[in-house]
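Following my numbering, the numbering of the sequence shown begins with 189 at its first residue and continues without gaps. For every residue, glycine included, the Cβ atom is placed at its ideal position computed from N, Cα and C. Given the structure is predicted, the values throughout are model-derived calculations rather than measurements.
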Amino acid sequence: MGVSLIGCASHRLNLAVREYLAPLEDALAEVQALMRKLRTLKQAAKLRQKLLSSQSFAKTRDGRRRSRCSPVISALEPIQTLTLIPSRTTHRSLRKLFDELHDVESISKKLQSDGQTLLDARDLLDGLLEVHPAFGNYLAPNAPIVHSPKFEFAVVKMLGGKATRLTTAEKALLQPFRRVAAAAAPLDDEQSTSFAERILKRRNVDAAPITFFLLSAIPPTSNVVERLFSSARSVLRHERHRLSSQALEMILFLKANSSYWNVAIVDACLL
Numbered sequence: 189m190g191v192s193l194i195g196c197a198s199h200r201l202n203l204a205v206r207e208y209l210a211p212l213e214d215a216l217a218e219v220q221a222l223m224r225k226l227r228t229l230k231q232a233a234k235l236r237q238k239l240l241s242s243q244s245f246a247k248t249r250d251g252r253r254r255s256r257c258s259p260v261i262s263a264l265e266p267i268q269t270l271t272l273i274p275s276r277t278t279h280r281s282l283r284k285l286f287d288e289l290h291d292v293e294s295i296s297k298k299l300q301s302d303g304q305t306l307l308d309a310r311d312l313l314d315g316l317l318e319v320h321p322a323f324g325n326y327l328a329p330n331a332p333i334v335h336s337p338k339f340e341f342a343v344v345k346m347l348g349g350k351a352t353r354l355t356t357a358e359k360a361l362l363q364p365f366r367r368v369a370a371a372a373a374p375l376d377d378e379q380s381t382s383f384a385e386r387i388l389k390r391r392n393v394d395a396a397p398i399t400f401f402l403l404s405a406i407p408p409t410s411n412v413v414e415r416l417f418s419s420a421r422s423v424l425r426h427e428r429h430r431l432s433s434q435a436l437e438m439i440l441f442l443k444a445n446s447s448y449w450n451v452a453i454v455d456a457c458l459l
């Protein structure tokens with residue numbers, strides 16, 4: 189078809205976050221090891237017995253410093269025996285990282301919502317780059333991971349109402365989406381204008397305007413495909429391994445297009 193490829197903005201964001209977290213891999217591994225250990229039934233039972241309730245916290249506020257700290261220490265005893273608790277410095281760095289990733293989480297959720305265009309994705313990533321310039325290796329418009337940066341530039345310009353700024357090369361990339369609009373028929377006023385005026389008016393008449401359609405339908409992410417694969421995995425469970433490929437395709441087709449049919453349409457098809 190001659191259409192340029194578009195990458196997944198969500199995937200690029202994940203790669204940027206992974207690179208951003210690389211210096212803290214050891215700290216994250218400590219937390220992972222701790223949570224894996226606390227997931228066992230024995231340790232979970234200890235935590236349920238030792239962790240403070242809101243009532244016990246209220247009681248300790250009025251006592252002396254020693255009595256106020258003793259319930260906290262007793263609550264940490266079952267965990268301290270694991271020798272897996274991160275240090276205070278590691279905890280501070282992880283807490284700072286947790287606060288910094290709030291903006292990233294907001295952008296990630298917005299990219300996964302329906303109805304997003306390439307212009308929306310570009311604005312979201314540019315806004316995130318203003319806060320986290322370190323993500324530029326993956327989120328910049330001309331990042332090496334972008335397959336067709338010039339094509340994305342052209343689409344963003346068109347969706348942003350900047351068609352007059354398109355270069356010749358960008359217009360060539362948008363040719364598969366080209367549509368020539370019908371030019372308005374000129375009024376027949378030859379009787380009321382002179383020959384000289386008609387010549388000047390003919391010079392000012394533009395050719396049929398060129399527009400590009402379906403640009404807003406280009407998905408900036410592949411989340412819908414990933415959801416389809418996840419749905420296929422949930423449908424094709426262990427007890428459905430004998431389900432034919434045709435039946436699986438029909439079920440997934442109906443699930444993916446559930447907004448276009450209802451029970452009445454199914455009944456009409458079965459009659």
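Put simply, the stretch 194-209 touches the stretch 293-311. At least three CB pairs are less than 8 Å apart. DSSP, reduced to helix, strand and coil, places ARG367 within a strand of the structure shown. When the five nearest sequence neighbours on each side are left out, the beta carbons in the same chain lying within less than 8 Å of the beta carbon of VAL319 are those of ASP291, in order along the chain.
In the three-state reduction of the DSSP assignment, PHE401 falls in the coil class, being assigned neither a helical nor a strand state. Residues of the same chain with a CB within less than 7 Å of the CB of ALA322, apart from the 5 flanking positions on each side, are TYR208 in chain order. When only Cα atoms are considered, GLY348 and ASP308 end up about 10 Å apart. For PRO337, the CB contacts under 7 Å within the same chain, skipping 5 residues up- and downstream, are PRO329, ASN330 in chain order. Per the Cβ contact rule, the stretch 416-424 is in contact with the stretch 437-444 (3 or more Cβ pairs under 8 Å). If you draw a 10 Å sphere on the C-beta of THR409, you find 16 or more other C-beta atoms in it, and that means buried.
For ILE453, the number of other beta carbons within 10 angstroms of its own is below 16, and it is reported as exposed.
Our two residues, ALA360 and ARG386, have alpha carbons roughly 34 Å apart in a direct line. A residue is called buried when at least 16 other Cβ atoms come within 10 angstroms of its Cβ; ARG310 meets this threshold and is buried.
Around LEU313, the same chain offers ALA197, LEU327 as residues with beta carbons nearer than 7 Å, after the five sequence neighbours per side are excluded. Secondary structure at GLN220: helix, using DSSP grouped into helix, strand and coil.
Contact check for LEU222 and LEU282: beta-carbon distance about 11 Å, past the 8 Å limit, so the pair fails to qualify. Here DSSP, grouped into helix, strand and coil, assigns ASP308 to helix.
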